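Notes to accompany the following structure.
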Amino acid sequence: MKIATWNVNSIRTRLEHVTNWLQANPVDVLCLQETKVIDQDFPAQPFQELGYSPYISGQKSYNGVALISRQPLDSVSSGFAAVLDADAVGDLDEQKRVITGVLDGVRIVNLYVPNGSSVGSEKYEYKLRWLGVLKTYLTALLEQSPGLTVCGDFNIALEDRDIYDANGKEKHIMSSEAERQALRQVLEVGLADVFRKFTEETGHYSWWDYRAASFRRNLGWRIDHHYLSPQLYDRATSCVIDVEPRKLEKPSDHTPVIVEF
DNA sequence: ATGGCTCTTGCAAAGAGA
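Residue numbers (our numbering): 179 to 439.
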């Protein structure tokens with residue numbers, strides 16, 4: 179099974195990039211983040227014409243996630259409240275950041291983790307709170323499905339080698355210790371970063387700032403991840419970052435990451 | 001570098017992203 183994750187920064191603006199990429203890279207499931215469109219306006223037809231079924235959870239202007247699957251998915255749901263009690267979820271489902279489905283007994287979770295704006299801000303506190311509920315959510319799913327794969331834009335670089343230059347970034351959003359700690363606690367449910375099963379060195383990134391010619395200079399961050407439960411991690415045969423879409427005209431600032439197991 | 005660049009809304013300029 180091949181699964182890709184890609185923050186497309188507006189599916190309507192990026193539609194041609196995404197459909198072209200999918201034709202050239204016919205993965206089983208493409209997990210999209212930041213679709214930035216309400217469900218009724220999601221461009222489903224171009225994917226259906228390629229033989230894919232979109233499962234979507236979107237909102238106006240911001241956020242939004244989608245699963246684009248070659249085979250029909252089972253048990254699709256969006257939001258934390260599909261799994262957790264309403265009082266545990268609170269207001270966190272107002273932003274559309276979670277969608278999941280099952281393919282061949284494998285539970286696939288697609289996430290758009292909050293950005294957090296800046297360390298100490300209200301949005302930062304929201305991000306940490308969101309990660310706390312995510313752990314509860316994944317714990318519940320793992321009890322149902324020992325084959326669990328969680329991917330998406332995590333907006334966190336877990337280690338210094340995931341950043342082009344980690345110096346002075348202790349108070350930076352995406353690399354602060356509290357964010358890293360919150361993500362490590364999520365992974366304690368029994369998930370591992372499959373990219374690092376195959377690649378140890380630094381210099382591999384999934385996001386580059388639009389500004390300051392960051393991509394040309396490879397000033398990037400690895401913040402888009404695939405985390406696998408042990409039975410899938412052991413089976414995994416590759417996890418690669420495809421930098422090609424980042425080279426196109428009017429690209430997303432993120433590029434796809436593909437896992438195979 | 002309280003920036004830069006790109007997106008959305010909605011028609012100008014501001015918020016959000018990371």
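Think of the CB as a built atom: it goes at the ideal place given N, C-alpha and C, for glycine as much as any other residue.
Remember, predicted model here, so these are calculated numbers, not experimental data.
Inset, instruction - Taking Gly-279 and Leu-251 to be in contact with their CB atoms under 8 angstroms, please state how far apart those CB atoms are, rounded to whole angstroms. - result: 3 angstroms
Inset, instruction - Flag this pair as yes or no: are the beta carbons of Gly-330 and Thr-183 separated by less than 7 angstroms? - result: yes
Inset, instruction - Could you give the DSSP three-state label for Leu-410: helix, strand or coil? - result: helix
Inset, instruction - Quick one: using the 10 Å Cβ neighbour count with 16 as the cut-off for buried, is Lys-214 buried or exposed? - result: buried
Inset, instruction - Mind the definition here: the region 399-410 touches the region 357-377 only if three or more C-beta pairs lie below 8 angstroms; say whether that holds. - result: yes
Inset, instruction - Would you identify the three-state DSSP class for Leu-270, choosing helix, strand or coil? - result: helix
Legend entry - Assigned secondary structure, Asn-198 (DSSP; H/G/I helix, E/B strand, else coil): helix
Inset, instruction - Ignore the nearest five residues each way along the sequence and tell me which others in Pro-224's own chain have a CB closer than 7 angstroms to its CB. - result: Leu-193 and Thr-197
Inset, instruction - Look up Lys-180 in the DSSP assignment and say whether it is helix, strand or coil. - result: strand
Legend entry - Val-143 - partner residues in DSSP beta bridges: Here the chain has residues from 179 to 439 only, and residue 143 is not among them.
Inset, instruction - Rank Ser-323, Glu-337 and Gln-237 by C-alpha distance to the C-alpha of Glu-272 and give the top, closest one. - result: Gln-237
Legend entry - Inter-residue Cα distance where the pair is Leu-336 and Arg-362: 8 angstroms
Inset, instruction - May I ask which residues mark the beginning and end of the alpha helix (DSSP H) holding Tyr-302? - result: 300-322
Inset, instruction - Kindly list the residues whose CB is nearer than 8 angstroms to the CB of Asp-217, restricted to its own chain and excluding five residues on each side of it in sequence; keep chain order. - result: Ile-234, Ser-235 and Gly-236
Inset, instruction - Would you check if there are 3 or more beta carbon pairs closer than 8 angstroms linking the region 387-405 to the region 334-354? - result: yes
Inset, instruction - Please state if the CB of Asn-288 and the CB of Val-243 are separated by a distance shorter than 7 angstroms. - result: yes
Legend entry - Backbone CA spacing between Ser-188 and Thr-433 [nearest angstrom]: 13 angstroms
Legend entry - Beta carbon of Asp-431 nearer than 7 angstroms to that of Trp-385: yes
Legend entry - Val-205 versus Ala-318 - alpha carbon distance: 27 angstroms
Inset, instruction - For the beta strand (DSSP E) holding Glu-438, just list the boundary residues, first then last. - result: 435-438
Inset, instruction - Give me the Cβ distance between Leu-281 and Met-179, rounded to the nearest whole Å; I'm assuming they're in contact under 8 angstroms. - result: 7 angstroms
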